[in-house]
Structures are given as structure tokens and as C-alpha cells.
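Colleague: First the structure, which I've put down as C-alpha cells, then a few questions once you've had a look.
In this note's numbering, the protein residues as written are 195 to 824.
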């Protein structure tokens, strides 16, 4: 079947299409109905089913004769360690950890926060929660204590599973003090913490609260898989909001299994037993969908990589891993390929490795610029697929479905909508726009299985965030267009969430931190184009009247503040002190215009600007830090 045939088969029978996809999952009670409409834009998939994600990702492969196949390959160029865990070994590890959790009272519906580096134990922890029907919330390891505390208070976990430390090139990231600090800050207190002690740093445990990963599961019986309803949450994953509070995206169990299984063959073009590698982190949605669940559900070997695209030890590390472990399908962020390209522009290091097993490179997390796509294609000689999706959707909205048909590539486009997604371009009034017209990208409801059914304890916020602007549609928050051939183009964010090296970060959240500095009266943060990371945040500071401070000192202090409050992931390094911010007469800061000036892209004087002369001052400030054509 061609792509058009497959998409048409979904259009002809939405529910029948997904019930057929559901037949590849092992159920305790198979779904008899695909979709439930709960009204007001709230939908559920396969609600009458009973099943368990851990069983489908682990146990069934052992029972079906795949027990000796590698489930996880661990490769850590930072420590020099490598390991392979078979499906049979993974089953034992997961059942044992789940048994330890169960003995401490963790049951179906309880929340567990996981705060781990890129080690196999992170996947074991996720799967152990899924085995019990507990709802995990993975927080990116190294996030600052106050960010972790916010998530503790929202998810109210019974337990936290953490490692003693994470490792970056040349330094140890001390996880345990961050966890202790977060618990101290949080109103909600978890009943206990499970600490996985790494050789590189052993943490001090607090008696009565902290338990050792090995010791606490040593004398407990293994736990069996607990069947859960199709609409039971598998996990909560927090994504940046435009205000201070993060949004807890819920992933329902049944639809998640069905959708991810479908994508492994149809989009990523892998067969059970093939090695699949997503070079991301378990703290992000890519890590959930395509390091942990997607590959294991489909019977693939997944790679857990603890390293960087450059510097561990060089820009050839990706190619070494692909050669050594015979990776068939590779998924990373454009910023990673840009980093490799910057260090090795002629692709010389690739020539040291046999990449003949690699059949495709997939890019997502931010817009893949044409130069990066072309460079990768010229050197790898395999399809380079830019595909587009969000934390909220959990899998690709638009892609080139290599397992169905390799359609012609249009560089700059993530190709075409996947089955389940009726993507439309709307004007401000919600009217459908024509080919090549720029507008808001929206998806007609219902969203497919595997996407978010809501936000954790925040139904009103879910409606306001996604369903209110265009009734009957999910608002993606992106702007773009669809050409006459049905190819989608993502042009810009329509809100103030910026993308730094594939990580969506809220400029509003950074502004809150800057505004907390005692000398800052007003501030703004914009995302400026960056060749390596896609975007970088730049802060503008208006100081309090009478604040007789050296500007460089204030800038250093706010940079330190953002690092402490949000974490190094924000990559916040640049700020400049200005007298005023450009605003409309109604008081709205003209961030979009500031971005255009910084990036030296054409712009028009906003009709509603209060004082046009301010833009000259902003231009000079940007030039002083290397932007605006400096």
C-alpha cells in the first residue's frame, strides 16, 4: 500500500483503522470499541480494554522465544562501560524492582517520580512502575531543585527513584543533593526514596526515608503485571508552559501501546530484532516513546547512550556506536548533527566506520535546517527524515513513513500528516486557509490514540491551552502552511516557548527568574537564532531607578540565577541592560520584533508601537552582544 492508500484507509474508517492496529497488542481483555467521546473535546481510546504495557514491552517477548535477544544495549563513552541486557534479564530486573516497590506499598494509580541519568536502570524503573500500574513521572536528571519541587507538588508521588549522580564530560552532577533540596522545598513529602548508587559517586542516605536500590529489593518476591484499563495513565510528563507552572501531559496506557507499535514499522521501518537508537534522554518525550516504550513494545533492541555528539571523545562517537552495535534506524535532534558537522565539516571521521547497516536518519525536536539535512544525506547516503511532533502527541504528527513508502523529500518540510492527524491551517477566525498560506497549525479532533487525553489535575487548563482558540481543533501552538501537494511546513512558534537544542523552554519562566533579581524592574527574554542550538535565550533587563550597579555584575548574577532556578539546560548566558523595552500602546512587549532585529531578518515597524525610537536602542544593545548584524 502507498502512503495515500494508508492515509485514505484511516480517513474512511477512523475507528476500524485503530482497532486493526490494536490487534498487534496482547490484551487481558481486548477492546471492543476504539473511541469514546466524553464531550467538550475530551476523548478516550480503547477504554474498555485491559492490558499492561510492561507485559507487552518485556514479558511477552520472553514467552514468545525472544528471551535471549538483547533488549537494551548500554554504551557510555563517558565511563567506558558497555553492557547488553536480554529480554529475559530485563524481565527479571523489572519484576524484582517492582516487587520492592510493591513491598513498600506502591500500588496501581500511585505516582512515582524518576530522576535518573542515561543508564539502563532508568528504563527498569519506568517499566517497574508500568508493571504495577503505578504512574511514573520522569524528570530530566539535573533539573534544579525548585523545578523538581514544583513537579513533586503537582504529581504528589508516593516515592522518588533517583541515582546518586549523573555524569557530564569532565564533571559529576550531584543528583542526591538536588533531590534532598527539592523535597525540602516541596509541600508534598514522598514516603520514601530509592537511590541507585553509581560507582562514580555514592550518596549519603537519610535513614528512615532513603533506601538502597539493591538492598530494598533483595528479599522481596517478584511482582506480576497488573492489568489496567485502557484509559489508565501510564505516565505524566511535564512540559514547559508559558507561565510558571509546568503542564503535566498524561499518556493513557492502551492508546500509547497501539500508536507506538504502529510507528516502529510504518514510520521508522524496523523489524523486530533490529537495533533502534534514539539519541535523546529519558527525561524528554523522545526518551519515553523511542528509547523505552516504542522499541521494546515492537521487539526491537534499544540503545541507551550516555554521551554527547562531540567530546566523548570526538565527533565520530555517533558513527562508532552505529558501526559497533549495527544500528538500523537512528533518531536524534538537528542540533546534535550540527555539532558534529561543526567539528567535522568534511565528514572525515565517518570514514573510519562501517555504516552499511544504517538505513535511515530521523531528525526531530526543532526545525531541521536545509544545510544540516543536505550534509547528513551527502555523507550518510540514506534517507534523512525531518519529522514533527510534540510532547503532547507522543509520536509524529507529520513524517515520511519509510515503512509504508518513501515519498519524495522536500527539504524544509517534515513531509505529510500521519494517519490519525487531520492537520489544517487556520486563520485567526478559525477559517481554513488555502495552499501556501501561513496560519496557525491545528488538528481536527479527535486526536489519535497515544496523544494526550488531558493534563494531570488540570482539565480547565487543558481546555484553555489546547481546545479554546479553535473549537473542534487541537491548537498546536505552531504556525505554518501546507503546500499544494499536502506537505506541511512548520514556520514558527505562535507563543513564547523557545527551542534550545531540542528542548522546549518557556521564556516566560526565565523572565520570572530575571524579575526576581532585586535590581531588575522589568525584563524580557527572546529566542535568537543560533547555528548550533537552534535558538538561544537573550535577556533584556531594565534596572530599578537608583540601582547604581555595574551592568556586568547584574548580568552575571541573573545568569547564575537562571542556572540555579531552571538549570543549565536553559543555556542562558546572554543578557543586556537597556533603558526601556519596546511596547505597544496597550503595554504588550514586542518580542517578535526584537527577535527579527536580533536575527537580522526583515521586519516592519509595528503600527501599535508606543515609541519607535526604542527600537534603535534595542538594535544597539543587540549589536553590543554580537547580534543584529554586528
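The beta carbon of each residue, even a glycine, is placed where N, CA and C say it ideally should be.
This one's a predicted model, so the numbers in the text were calculated from it and none came from an experiment.
Please name the residue, chosen from 542, 532, 382, 520, that lies closest to residue 550 on a Cα-to-Cα basis.
Modeller: Residue 520 is the option with its Cα nearest to residue 550.
Colleague: Using 8 Å as the cut-off, can you tell me whether the segment 388 to 407 makes contact with the segment 338 to 351, which would need three or more C-beta pairs spanning the two stretches below that distance?
Modeller: Judged by Cβ distances under 8 Å, the segment 388 to 407 makes no contact with the segment 338 to 351, as fewer than three pairs qualify.
Colleague: May I have the straight-line CA-CA distance separating residue 209 from residue 235, to the nearest angstrom?
Modeller: Distance between the alpha carbons of residue 209 and residue 235 is about 17 Å.
Colleague: By DSSP, does residue 735 sit in helix, in strand, or in coil?
Modeller: Strand, per DSSP.
Colleague: Determine contact between the segment 713 to 724 and the segment 790 to 800, defined as no fewer than three beta-carbon pairs at a distance below 8 Å.
Modeller: Result yes; three or more Cβ-Cβ pairs closer than 8 Å.
Colleague: Can you have a look at residue 776 and say buried or exposed, based on whether 16 or more other CB atoms are within 10 angstroms of its CB?
Modeller: Residue 776 should be labelled buried.
Colleague: Give me, in chain order, the residues of the same chain whose beta-carbon lies closer than 6 Å to that of residue 670; leave out the 5 immediate sequence neighbours on both sides.
Modeller: The answer, listed in chain order, is 635.
Colleague: What would DSSP say about residue 819, mapped onto helix, strand or coil?
Modeller: Note: residue 819 maps to coil in three-state DSSP.
Colleague: Please classify residue 703 as buried or exposed, where buried requires at least 16 neighbouring CB atoms within 10 angstroms.
Modeller: Classification for residue 703: buried.
Colleague: Note the first and the last residue of the continuous beta strand (DSSP E) segment covering residue 638.
Modeller: That run of the beta strand (DSSP E) goes 633 to 638.
Colleague: How many Å lie between residue 252 and residue 245 at the Cα?
Modeller: Roughly 13 Å separates the two Cα atoms.
Colleague: Compute the beta-carbon to beta-carbon distance between residue 454 and residue 589, rounded to the nearest angstrom, for a pair I have assumed lies under 8 Å.
Modeller: That belief holds up - the Cβ atoms of residue 454 and residue 589 are roughly 6 Å apart, short of 8 Å.
Colleague: Using a Cβ-Cβ cut-off of 7 Å (strictly less than) and excluding sequence neighbours within five positions of residue 656, which residues of its own chain qualify?
Modeller: Cβ neighbours of residue 656 beyond the five flanking positions: 648, 649.
Colleague: Take every Cβ of the segment 487 to 504, pair it with every Cβ of the segment 246 to 266, and state whether three or more of those distances are shorter than 8 Å.
Modeller: These segments touch.
Colleague: Between the alpha carbons of residue 304 and residue 367, how many angstroms are there, rounded?
Modeller: Residue 304 and residue 367: Cα-Cα distance of roughly 28 Å.
Colleague: Looking only at its chain, what residues have a beta carbon closer than 6 Å to the beta carbon of residue 719, apart from the 5 residues adjacent to it on each side?
Modeller: The residues are 701, 704, 705, 731, 733.
Colleague: Are there 16 or more other CB atoms within 10 angstroms of the CB of residue 238, so buried, or fewer, so exposed?
Modeller: Result: buried.
Colleague: Cutting at 6 Å between CB atoms, please list the residues of its own chain near residue 213, excluding the five before and the five after it.
Modeller: Excluding positions up to five away in sequence, the list reads 228.
Colleague: Expressed to the nearest angstrom, what Euclidean distance is found between the alpha-carbon atoms of residue 429 and residue 249?
Modeller: Roughly 16 Å separates the two Cα atoms.
Colleague: Could you check which residue in 752, 713, 707, 559 has the C-alpha nearest to that of residue 693?
Modeller: Looking at the Cα atoms, 559 is the closest of the given residues.
Colleague: Taking the beta carbon of residue 195 as the centre, do at least 16 other beta carbons fall within 10 Å, making it buried, or is it exposed?
Modeller: Exposed.
Colleague: According to the Cβ coordinates, are residue 676 and residue 506 closer than 8 Å?
Modeller: It is not a contact, given that the beta carbons lie outside the stated cut-off.
Colleague: Quick check: what's the CA-CA separation for residue 780 versus residue 474?
Modeller: Confidence in residue 780 is poor, its pLDDT being 49 and thus under 50, which makes the residue's placement too unreliable to answer from.
Colleague: Specify, as a first and last residue, the run of the alpha helix (DSSP H) that residue 605 falls within.
Modeller: Residue 605 -> no alpha helix (DSSP H), and no H or E assigned at all.
Colleague: So what does DSSP say about residue 573, is it helix, strand or coil?
Modeller: Residue 573 falls in the helix class under three-state DSSP.
Colleague: Assuming contact is defined by CB atoms lying nearer than 8 Å, are residue 652 and residue 699 in contact in what I supplied?
Modeller: Their beta carbons are not under 8 Å apart, which means residue 652 does not touch residue 699 by this criterion.
Colleague: Threshold first: 4 residues or longer. Then list the alpha helix (DSSP H) segments lying entirely within the segment 462 to 544, N to C.
Modeller: Qualifying alpha helix (DSSP H) stretches, in chain order: 488 to 492, 511 to 519, 528 to 537.
Colleague: Assign residue 435 to buried or exposed, taking buried as 16 or more other Cβ atoms, counted over all protein chains shown, within 10 Å of its Cβ.
Modeller: With a pLDDT of 45 at residue 435, under the threshold of 50, the modelled position of this residue cannot be trusted; read the value that follows with caution. Its Cβ being crowded by 16 or more others within 10 Å, residue 435 is buried.
Colleague: Between which two residues does the alpha helix (DSSP H) holding residue 754 run?
Modeller: Unbroken alpha helix (DSSP H) run through residue 754: 745 to 759.
Colleague: For residue 248, does the three-state DSSP call read helix, strand or coil?
Modeller: Residue state, collapsed to three classes: helix.
Colleague: In terms of residues, what are the limits of the alpha helix (DSSP H) holding residue 454?
Modeller: Residue 454 -> alpha helix (DSSP H) spans 447 to 460.
Colleague: Would you kindly check if the distance between the Cβ of residue 735 and the Cβ of residue 753 is under 8 Å?
Modeller: Taking 8 Å as the Cβ cut-off, residue 753 and residue 735 do not qualify as a contacting pair.
Colleague: Could you compute how far the alpha carbon of residue 450 sits from the alpha carbon of residue 472?
Modeller: One C-alpha to the other measures close to 18 Å.
Colleague: State the DSSP-derived secondary structure class of residue 683, mapped to helix, strand or coil.
Modeller: Residue 683 falls in the strand class under three-state DSSP.
Colleague: In three-state DSSP terms, what is residue 310?
Modeller: Three-state DSSP puts residue 310 in coil, outside helix and strand.
Colleague: Can you tell which of 784, 329, 759, 574 has its C-alpha closest to the C-alpha of residue 517?
Modeller: If we check each option's Cα against that of residue 517, 574 comes out closest.
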